[in-house]
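**Q** With my numbering, letter number 167 in the sequence shown gets 166, and the count goes up by one each step, no holes.
We put the CB at the ideal spot given by N, CA and C, even for glycine.
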Amino acid sequence: VPIRFVSEALGAEVEWNQNITTVYITMGATPAPLPQPIINEDETVYFDGISFNPSRDLDEYGRMNEEKSQEFLIKLAEQIKFVKEDGEYVIKGTYPELPPGFEFTNGITIYMESGRSYTYNPLINPRTQRMDFYIPREGSFTKVVDVIDNVEEIDTFYIGFGVRNVERISGKDSNTGTLGISAGKGNRIFFAPITGSTIYYEEGFFDFDEMFQW
Numbered sequence: 000v001p002i003r004f005v006s007e008a009l010g011a012e013v014e015w016n017q018n019i020t021t022v023y024i025t026m027g028a029t030p031a032p033l034p035q036p037i038i039n040e041d042e043t044v045y046f047d048g049i050s051f052n053p054s055r056d057l058d059e060y061g062r063m064n065e066e067k068s069q070e071f072l073i074k075l076a077e078q079i080k081f082v083k084e085d086g087e088y089v090i091k092g093t094y095p096e097l098p099p100g101f102e103f104t105n106g107i108t109i110y111m112e113s114g115r116s117y118t119y120n121p122l123i124n125p126r127t128q129r130m131d132f133y134i135p136r137e138g139s140f141t142k143v144v145d146v147i148d149n150v151e152e153i154d155t156f157y158i159g160f161g162v163r164n165v166e167r168i169s170g171k172d173s174n175t176g177t178l179g180i181s182a183g184k185g186n187r188i189f190f191a192p193i194t195g196s197t198i199y200y201e202e203g204f205f206d207f208d209e210m211f212q213w
């Protein structure tokens, strides 16, 4: 029987940290995670084919810098697909592996012609505990979008991804920017740093047809 099923049936919170292959089970208390593996300051390590060197790729606050964040976020975007399977509209994705101490943030919003919108993210309604619009922030997932009957009813899509520190930084944003993708009435992909101007990627940089196959 899966450990998540048993633990959550007992009212526990279960979290899987892929970077350190650790399961946290919380029963009314904050778990004490095992120490994160340490990467030497001048050591280069590869995560899903992306090089990472703390001395080069972290800013003064220990956050992943804008350039390196974009590499991981673009790779993630390339691994998110809106496809149709067995007559159902589905979102599928696989998250790249991140260096220890970092996690993805995500949100996928579908705006309808009617004015309604539906947002898929890693948050669970604390009151209802329903997971209708839940998607994880690591690993692989397949999410059936059962609120869509006809894609002609969709106005636009908006997707936002970020890389943040698992341990929050006092008085500072925990990431250095967000990758944004909008599609529907014109396609755009851009990186919005927390400081400075938004970076718009040139036409042809990203394959929107590969992502949006509905």
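For the pair the region 154-170 and the region 58-66, tell me if three or more CB-CB distances fall below 8 Å.
**A** Yes, they touch.
**Q** Taking Cβ to Cβ, would you say arginine 163 is nearer than 8 Å to glutamate 102?
**A** It is a contact, given that the beta carbons lie within the stated cut-off.
**Q** Alpha carbon to alpha carbon, what distance is there between glycine 138 and proline 95?
**A** Going by the C-alpha atoms only, they are around 8 Å apart.
**Q** Looking at threonine 118 and threonine 127, is the spacing between their C-beta atoms short of 8 Å?
**A** It is not a contact, given that the beta carbons lie outside the stated cut-off.
**Q** Can you tell me which of the three DSSP states isoleucine 73 falls into?
**A** Isoleucine 73: helix per DSSP, three-state reduction.
**Q** Beta carbon of phenylalanine 211, beta carbon of tyrosine 199: below 8 Å?
**A** No, the Cβ-Cβ distance between phenylalanine 211 and tyrosine 199 is not below 8 Å.
**Q** Check each candidate in Val143, Val146, Ile147, Leu122 and name the one with the smallest Cα separation from proline 135.
**A** Looking at the Cα atoms, Leu122 is the closest of the given residues.
**Q** In terms of alpha-carbon separation, which member of Phe81, Ala76, Pro125 lies closest to threonine 104?
**A** If we check each option's Cα against that of threonine 104, Ala76 comes out closest.
**Q** Run the CB neighbour count on tyrosine 45, radius 10 Å, all protein chains shown included, and call it buried at 16 or more, exposed below.
**A** When all chains shown are included, tyrosine 45 counts as exposed.
**Q** In terms of DSSP beta bridges, what is methionine 130 paired with?
**A** Paired residues: none, contrary to the question.
**Q** Going by DSSP, what residues sit across from lysine 91 in a beta bridge?
**A** Note: lysine 91 sits in a beta bridge opposite Lys80, Thr141.
**Q** For isoleucine 90 and valine 144, which I take to be in contact (beta-carbon distance under 8 Å), what is that distance rounded to the nearest angstrom?
**A** Right, their Cβ atoms sit about 6 Å apart.
**Q** Counting only the same chain and skipping the five closest in sequence on each side, list residues whose C-beta sits under 8 Å from that of phenylalanine 51.
**A** Excluding positions up to five away in sequence, the list reads Ile38, Thr43, Val44, Tyr45, Lys67, Pro98.
**Q** Do phenylalanine 244 and alanine 182 have their C-beta atoms closer together than 8 Å?
**A** A query on residue 244 cannot be resolved here, the shown segment of the chain reaching from 0 to 213 and no further.
**Q** Could you give the residue range of the alpha helix (DSSP H) that holds proline 98?
**A** Counting along the chain, proline 98 falls outside any alpha helix (DSSP H), and DSSP gives it neither H nor E.
**Q** Quick one: what does DSSP say serine 196 is sitting in, helix, strand or coil?
**A** In this structure, serine 196 counts as coil in the three-state DSSP scheme.
**Q** Between the Cα of phenylalanine 81 and those of Arg187, Val150, Glu201, Gly179, spot the shortest distance and give me the residue it belongs to.
**A** The candidate whose alpha carbon is nearest that of phenylalanine 81 is Val150.
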